[in-house]
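Report on the following structure.
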Amino acid sequence: MWEQSDREIIQEVLNGNKDLFAVLVARYEKPIFNYVYGLVRQRQDAEDLTQEAFVKAFFALRTYRDSFEFSTWMYRIARNVCLDYFRRQRIRSFFSLNTPVGEEEEEELGDFLPEGKDPEEGVLKEELLERVSQAVGQLPLKFREVIVLRYVEELSYEEIARILDVPVGTVKTYLHRAKAKLRELLGEEFS
Amino acid sequence: MGEKLEQYLRHLPKVEPGRSFAPSVMACIAERARPSYRRYKRWVVALAAVALFVLMLTTNLPLTPRLELFGYRTVRLVFCSTVRNPKTVAVAGDFSDWESIPMERVDENCFALTLRLRPGKYEYGFLVDGKWVPDPLSLRAVADGFGSVNSVLVVDGDTE
């Protein structure tokens, strides 16, 4: 679609072709939105926060250093925007959030019909998937975050470590503990 | 069984922003890039606050008339002349660098002025139609070195 690399586009934006930033937005809006939504679990808030993250990125573009991928940098900005959001709600970043899944999310779950992915049955059970989604929503933020980055965003441990600015070992520990917590929440079916 | 959980986690629903997301981001950027008073609002407010603070500390303007902040005390000087119906009465003292401050007439022979002074001892006197007159109500007086006397006003540190 658009052949230029992120770095080339950033350079052009910095040279004055500001409209080209829309290409970067189009390129990363879905993963960043999914990440933000995975954290805040409110569609409208997620859209607002994702927009805020891109706007902040635009105005901070001169500070971007290509020691990171642009996507990693965007995830970091989105993460900070989300943490500010939680602070505004007087919720600490490491506080356990028990946000219930909204109707909208339930509809999305209803629309999702995975095919041929279950090694045993060939089809994932919709009801179980909904329970897993709800359980993820009950995880403490730091655990939820690594689950979203690893399984929804499908990032590597190294990428997650760069985004969270923690060692890879910490990411693995968080993931292990997050899954243990999920199994505890989900009961026998997943234990 | 751990694989089962991961299988489900990999299939958590993905969501997408609305179709107009990118245009609305660009519109928001354009809006914020526009010069606006709001961008400088915090600096304007901060400068105004500093200016007010400096005025409160360095002047006698009635910016904190009742609060007695920063050690100022309210002192009311009253002068009742023995001369009938003087035209002008002013007060001068080391609280005004000996510049005369006109007093307000309160009746035919009496004039008054409210000052805000820090605790301390001040020499002063009245100028009645241009003539130096010590305060007849003051209990203390000192020679002024010019053959006359100055009255002494003591403003104590207690809150009034």
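Top line first, the protein sequences correspond to chains A and B.
Position in the first sequence (first residue = 1) + 211 = our numbering.
Position 53 of the second sequence, counting from 1, maps to 36 under our numbering, and the rest follow consecutively.
Glycine is no exception: its CB is placed at the ideal position from the N, C-alpha and C atoms.
Fair warning: this is a prediction, and the values are worked out from it, not measured in the lab.
Legend entry - Run of the alpha helix (DSSP H) containing R355 (chain A), from where it starts to where it stops: The sequence position of residue 355 (chain A) within the first sequence is 144, counting from 1. First-last of the alpha helix (DSSP H) with R355 (chain A): 352 to 358.
Inset, instruction - Below 7 Å between beta carbons is the criterion; list the residues of the region 372 to 401 of chain A that meet it against any residue of chain B, in chain order. - result: Interface annotation for the region 372 to 401 of chain A against chain B: K390, L393, R394, F401, criterion Cβ-Cβ distance under 7 Å.
Inset, instruction - Tell me C63 (chain B)'s beta-bridge partners as DSSP assigns them. - result: Mapped onto the second sequence, residue 63 (chain B) falls at position 80. Listed as beta-bridge partners of C63 (chain B) by DSSP are B:C93.
Legend entry - Span separating the alpha-carbon of E341 (chain A) from that of L352 (chain A): What you label residue 341 (chain A) is simply residue 130 of the first sequence in a count that begins at 1. What you label residue 352 (chain A) is simply residue 141 of the first sequence in a count that begins at 1. Distance between E341 (chain A) and L352 (chain A), taken at the CA atoms: about 19 Å.
Inset, instruction - Could you name the residues of chain B that E258 (chain A) contacts, counting a contact when the two beta carbons are closer than 9 Å? - result: Translated into positions along the first sequence, residue 258 (chain A) becomes position 47. Contacts between E258 (chain A) and chain B, judged by CB atoms closer than 9 Å, involve P0, G1, F4, S7 in chain order.
Legend entry - Neighbourhood of D112 (chain B) by C-beta distance below 7 Å, restricted to the same chain and skipping five residues each side: Within the second sequence, the letter at position 129 stands for residue 112 (chain B). Excluding the 5 residues flanking it on each side, D112 (chain B) has same chain C-beta neighbours closer than 7 Å at P69, K70, T71, in chain order.
Legend entry - Nearest candidate by alpha-carbon position, reference Y246 (chain A), set A:A268, A:R373, A:R355: The residue given as residue 246 (chain A) occupies position 35 in the first sequence. Comparing Cα-Cα distances from Y246 (chain A) to each of A:A268, A:R373, A:R355, the minimum goes to A:R355.
Legend entry - Close Cβ partners of R287 (chain A) (< 7 Å) along its chain, the five nearest in sequence each way excluded: Sequence index remark: in the first sequence, residue 287 (chain A) carries index 76 (1-based). I374.
Inset, instruction - Could you tell me whether the Cβ of N201 (chain A) comes closer than 7 Å to any Cβ of chain B? - result: Because chain A spans 212 through 402 in this model, residue 201 (chain A) falls outside it and cannot be assessed.
Legend entry - alpha helix (DSSP H) runs wholly inside the region 233 to 310 of chain A, at least 4 long, in chain order: The qualifying runs are 254 to 270, 281 to 299.
Legend entry - Integer-rounded CB distance, given that Q349 (chain A) should sit under 8 Å from L396 (chain A): As a first step, residue 396 (chain A) is located in the first sequence; it is residue number 185 there, counting from the start. As a first step, residue 349 (chain A) is located in the first sequence; it is residue number 138 there, counting from the start. Their Cβ separation, rounded to whole angstroms, is 6 Å, which keeps L396 (chain A) and Q349 (chain A) in contact under 8 Å.
Legend entry - Minimum Cβ-Cβ distance from Q262 (chain A) to chain B less than 7 Å: Numbered from its first residue, the first sequence carries residue 262 (chain A) at position 51. Yes, its Cβ sits closer than 7 Å to a Cβ of chain B.
Inset, instruction - Classify P117 (chain B) as buried or exposed, calling it buried when 16 or more other Cβ atoms lie within 10 Å of its own Cβ. - result: Along the second sequence, read from residue 1 onward, the residue named residue 117 (chain B) stands at position 134. So P117 (chain B) ends up on the buried side.
Inset, instruction - Taking 7 Å as the cut-off, decide whether the C-beta atoms of L44 (chain B) and L35 (chain B) are in contact. - result: To locate residue 44 (chain B), count along the second sequence from 1; it is residue 61. To locate residue 35 (chain B), count along the second sequence from 1; it is residue 52. Not in contact: L44 (chain B) and L35 (chain B) (Cβ atoms no closer than 7 Å).
Legend entry - Residues bridged to Y105 (chain B) (per DSSP): Locating residue 105 (chain B) in the second sequence gives position 122, counting from the first residue. Per DSSP, the beta bridge partners of Y105 (chain B) are B:L136.
Inset, instruction - Could you confirm whether any beta carbon from chain B is found closer than 7 Å to the beta carbon of E219 (chain A)? - result: Working through the first sequence from its first residue, we reach residue 219 (chain A) at position 8. Residue-level contact check: E219 (chain A) does not touch chain B, since none of the beta carbons of chain B fall below 7 Å from its beta carbon.
Inset, instruction - Please name the residue, chosen from B:E14, B:P6, B:N92, B:G108, that lies closest to V66 (chain B) on a Cα-to-Cα basis. - result: Taking the first residue of the second sequence as 1, we reach residue 66 (chain B) at position 83. Distances from the alpha-carbon of V66 (chain B) to those of B:E14, B:P6, B:N92, B:G108 put B:N92 closest.
Legend entry - Beta-bridge partners of G76 (chain B), as assigned by DSSP: On the second sequence, position 93 is the one that residue 76 (chain B) refers to. In DSSP, G76 (chain B) forms a bridge with B:Y107.
Inset, instruction - Would you check if the distance between the CB atom of V236 (chain A) and the CB atom of A5 (chain B) is smaller than 7 Å? - result: Against the first sequence, residue 236 (chain A) aligns to sequence position 25. Against the second sequence, residue 5 (chain B) aligns to sequence position 22. For the 7 Å CB-CB criterion, V236 (chain A) and A5 (chain B) form a contact.
Inset, instruction - Would you kindly work out how many angstroms separate the C-alpha atoms of A391 (chain A) and M285 (chain A), rounded to a whole number? - result: Numbered from its first residue, the first sequence carries residue 391 (chain A) at position 180. Numbered from its first residue, the first sequence carries residue 285 (chain A) at position 74. Going from the Cα of A391 (chain A) to the Cα of M285 (chain A) covers about 29 Å.
Inset, instruction - Leaving out five residues on either side along the sequence, give the residues of the same chain with a beta carbon under 6 Å from the beta carbon of G249 (chain A). - result: Numbered from its first residue, the first sequence carries residue 249 (chain A) at position 38. V359, V363.
Legend entry - CB contact check: R101 (chain B) to chain D, cutoff 7 Å: As a matter of chain content, chain D is missing from the structure shown, whose protein chains are A and B.
Inset, instruction - For T57 (chain B), write down the residues that DSSP places opposite it in a beta bridge. - result: Within the second sequence, the letter at position 74 stands for residue 57 (chain B). B:R99, per the DSSP bridge assignment.
Inset, instruction - Would you be able to state if there are at least three C-beta pairs under 8 Å between the region 96 to 106 of chain B and the region 119 to 138 of chain B? - result: Verdict: yes, contact present.
Inset, instruction - Taking 7 Å as the cut-off, decide whether the C-beta atoms of P102 (chain B) and V135 (chain B) are in contact. - result: Residue 102 (chain B) sits at position 119 when you count from the first residue of the second sequence. Residue 135 (chain B) sits at position 152 when you count from the first residue of the second sequence. Result no, Cβ atoms of P102 (chain B) and V135 (chain B) do not sit closer than 7 Å.
Legend entry - Residue-chain proximity (R17 (chain B), chain A), Cβ-Cβ < 7 Å: Residue numbering aside, residue 17 (chain B) sits at position 34 when the second sequence is read from its first letter. It does not: the Cβ of R17 (chain B) has no partner Cβ on chain A nearer than 7 Å.
Legend entry - Buried or exposed (CB count within 10 angstroms, at least 16 for buried), N133 (chain B): One-based indexing of the second sequence puts residue 133 (chain B) at position 150. N133 (chain B) should be labelled buried.
Legend entry - Cutoff 7 Å; reference M86 (chain B); Cβ partners in own chain excluding five residues on either side: Stepping through the second sequence from its first residue, residue 86 (chain B) is reached at position 103. Cβ-Cβ distances below 7 Å link M86 (chain B) to F62, V72, A73, V74, F94, A95, L96 in the same chain, with the five nearest sequence neighbours on each side left out; the list follows chain order.
Legend entry - Cβ-Cβ distance between F279 (chain A) and T261 (chain A) below 7 Å: In the first sequence, residue 279 (chain A) corresponds to position 68, counting from 1. In the first sequence, residue 261 (chain A) corresponds to position 50, counting from 1. The criterion of a C-beta distance shorter than 7 Å is not satisfied by F279 (chain A) and T261 (chain A).
Inset, instruction - Would you check if the distance between the CB atom of V382 (chain A) and the CB atom of Y368 (chain A) is smaller than 7 Å? - result: Here residue 382 (chain A) is taken as the residue at index 171 of the first sequence, counted from 1. Here residue 368 (chain A) is taken as the residue at index 157 of the first sequence, counted from 1. Their beta carbons are under 7 Å apart, which means V382 (chain A) touches Y368 (chain A) by this criterion.
Inset, instruction - Taking only the alpha-carbon atoms, compute the straight-line gap between R299 (chain A) and R25 (chain B) and give it to the nearest angstrom. - result: Residue mapping note: residue 299 (chain A) aligns to position 88 of the first sequence, counting from 1. Residue mapping note: residue 25 (chain B) aligns to position 42 of the second sequence, counting from 1. Between the alpha carbons of R299 (chain A) and R25 (chain B) lies a distance of about 20 Å.
Legend entry - Limits of the unbroken beta strand (DSSP E) element including K114 (chain B): Position 131 of the second sequence, counted from the first residue, corresponds to residue 114 (chain B). Residues 114 to 116.
Legend entry - Enclosing alpha helix (DSSP H) for V377 (chain A) [first to last residue]: Here residue 377 (chain A) refers to the residue found at position 166 of the first sequence. In the DSSP assignment, V377 (chain A) falls outside any alpha helix (DSSP H), carrying neither H nor E.
Inset, instruction - Mind checking who P85 (chain B) pairs with in its DSSP beta bridge? - result: Taking the first residue of the second sequence as position 1, residue 85 (chain B) is located at position 102. Under DSSP, P85 (chain B) shares a beta bridge with B:A73.
Inset, instruction - Using three-state DSSP, classify V(-2) (chain B) as helix, strand or coil. - result: In the second sequence, residue -2 (chain B) corresponds to position 15, counting from 1. Looking at V(-2) (chain B) - three-state DSSP - the assignment turns out to be coil, as it is neither helix nor strand.
Legend entry - Interface residues of chain A facing R(-7) (chain B) [CB-CB closer than 7 Å]: Here residue -7 (chain B) corresponds to residue number 10 of the second sequence, with the count starting at 1. Near R(-7) (chain B) (Cβ distances below 7 Å), the residues of chain A are Y362.
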